[in-house]
Amino acid sequence: ENVRGAWQIEFIAADGRLTCDSQATHLRALAYGLVPEGLRARTADRLAELIRAAGTRPGTGLPTTHLLLPVLASTGHLDLAYELLLRGGSRSWMSVLDNGGTTFWETWDGMAADGTTMLALNMPTRASVVEFLHGHIAGVQLDEDVPAYRRFRVAPQPAAA
Numbered sequence: 027e028n029v030r031g032a033w034q035i036e037f038i039a040a041d042g043r044l045t046c047d048s049q050a051t052h053l054r055a056l057a058y059g060l061v062p063e064g065l066r067a068r069t070a071d072r073l074a075e076l077i078r079a080a081g082t083r084p085g086t087g088l089p090t091t092h093l094l095l096p097v098l099a100s101t102g103h104l105d106l107a108y109e110l111l112l113r114g115g116s117r118s119w120m121s122v123l124d125n126g127g128t129t130f131w132e133t134w135d136g137m138a139a140d141g142t143t144m145l146a147l148n149m150p151t152r153a154s155v156v157e158f159l160h161g162h163i164a165g166v167q168l169d170e171d172v173p174a175y176r177r178f179r180v181a182p183q184p185a186a187a
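The sequence shown runs 27 to 187 under the working numbering.
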């Protein structure tokens, strides 16, 4: 509680906006329960606006990208999560597949057109999209009251369109 309170003092303005207006800051605030419940919807809506303003592309880095799709889905922006997952072009999960990737790369543009690699071509944090596939698309969710996978529920969340 002390850390959350200190974070709120530092990063939430008097009018309820986050003082650092980035996708990553809004994402962390939602994922880690740093914003008060009364500001969650507003913070999630602002995250969606920031994503749209970036051309419907992720503007997060390695520490936060794995949180993006699950947080969007759990805060009322499921369709945007699907849109990000399925969009092609630069800075997208599909661009890796479109360019022959079989694992997720360290950077969105991990391989040049001539096949030259930029950095690591196997980055688990980018592959975290699988959490969204299992937890939201397939809808397999753990029962928080029971250890491990002894009991779980299945509630798929298909895209609206």
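All C-beta atoms, glycine included, are put in the ideal place defined by N, C-alpha and C.
Go ahead and pull the three-state DSSP assignment for Thr143. strand
Using DSSP with H/G/I as helix, E/B as strand and the rest coil, what is Gln49? helix
Could you give the residue range of the alpha helix (DSSP H) that holds Gln183? Element bounds for Gln183: n/a, residue is neither H nor E.
Given a cut-off of 8 Å on the beta-carbon distance, is the pair Met120 and Trp131 in contact? no
Considering only the alpha carbon of each residue, which of Leu60, Ala70 and Thr90 lies closest to Val155? Thr90
Delimiting residues of the alpha helix (DSSP H) encompassing Leu159: Where Leu159 is concerned, there is no enclosing alpha helix (DSSP H), given that its DSSP letter is neither H nor E.
Could you compute how far the alpha carbon of Arg176 sits from the alpha carbon of Val166? 13 Å
By the three-class DSSP mapping on this structure, what secondary structure does Val166 have? strand
Host alpha helix (DSSP H) of Tyr108 (start-end): Leu104 to Leu112
Taking the alpha-carbon positions, what's the Ala55 to Val61 distance? 6 Å
Mind checking His160: buried by the 16 CB within 10 Å criterion, or exposed? exposed
Name the one or two DSSP bridge partners that Phe178 has. Leu168
So, do the region 133 to 143 and the region 70 to 80 have three or more beta carbon pairs nearer to each other than 8 Å? no
Which of helix, strand or coil DSSP assigns to Leu44: strand
Closest by C-alpha distance to Ala57, when choosing among Ala70, Asp169 and Thr45: Ala70
By the 10 Å Cβ neighbour count, where 16 or more other Cβ atoms means buried, how is Arg179 classified, buried or exposed? exposed
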